[in-house]
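K.L.:
Dropping the structure in here first, questions after.
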Amino acid sequence: MAKTSMRIKATRAPKFKVREYNRCPLCGRPRAFYRRFQMCRLCLRDRALSGQIPGMRKASW
Numbered sequence: 084m085a086k087t088s089m090r091i092k093a094t095r096a097p098k099f100k101v102r103e104y105n106r107c108p109l110c111g112r113p114r115a116f117y118r119r120f121q122m123c124r125l126c127l128r129d130r131a132l133s134g135q136i137p138g139m140r141k142a143s144w
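Just so you know, we're using the numbering used here here: the sequence shown kicks off at 84 and counts up by one.
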């Protein structure tokens, strides 16, 4: 779980554009962020397994 202060800091506009970085809006994780889904890999996996992301399901072969 991310610090609340870091989550709030990430939502503010940065002083310079290059300082901007992505953070998961659900858990606040800064790493392993999927831009397409706007969430981290852990939240993506939880949502996909519970069926909340349409068209995505667990691979099996």
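Positions of the beta carbon are idealized from the N, C-alpha and C atoms, including for glycine.
Please read these numbers as outputs of a predicted model, since none were measured by experiment.
Give me whichever residues DSSP pairs with Tyr117 in a beta bridge.
P.N.:
By 1-based counting over the sequence shown, the position of residue 117 is 34. Beta-bridge pairing links Tyr117 to Met122.
K.L.:
Give me, in chain order, the residues of the same chain whose beta-carbon lies closer than 7 Å to that of Arg124; leave out the 5 immediate sequence neighbours on both sides.
P.N.:
Numbered from its first residue, the sequence shown carries residue 124 at position 41. So the qualifying residues of the chain are Ala115 and Tyr117.
K.L.:
When the Cα atoms are used, what is the spatial distance from Arg90 to Gly138?
P.N.:
On the sequence shown, residue 90 is found 7 positions in, with the first residue counted as 1. On the sequence shown, residue 138 is found 55 positions in, with the first residue counted as 1. Distance between the alpha carbons of Arg90 and Gly138: 29 Å.
K.L.:
With burial defined as no fewer than 16 other Cβ atoms inside 10 Å of the residue's Cβ, what is the status of Leu127: buried or exposed?
P.N.:
Counted from its first residue, the sequence shown places residue 127 at position 44. The residue is buried, with at least 16 neighbouring Cβ atoms inside 10 Å.
K.L.:
Using the Cβ count rule (16 or more neighbours within 10 Å means buried), how would you classify Arg106?
P.N.:
What you label residue 106 is simply residue 23 of the sequence shown in a count that begins at 1. Answer is buried; the Cβ neighbour count reaches 16.
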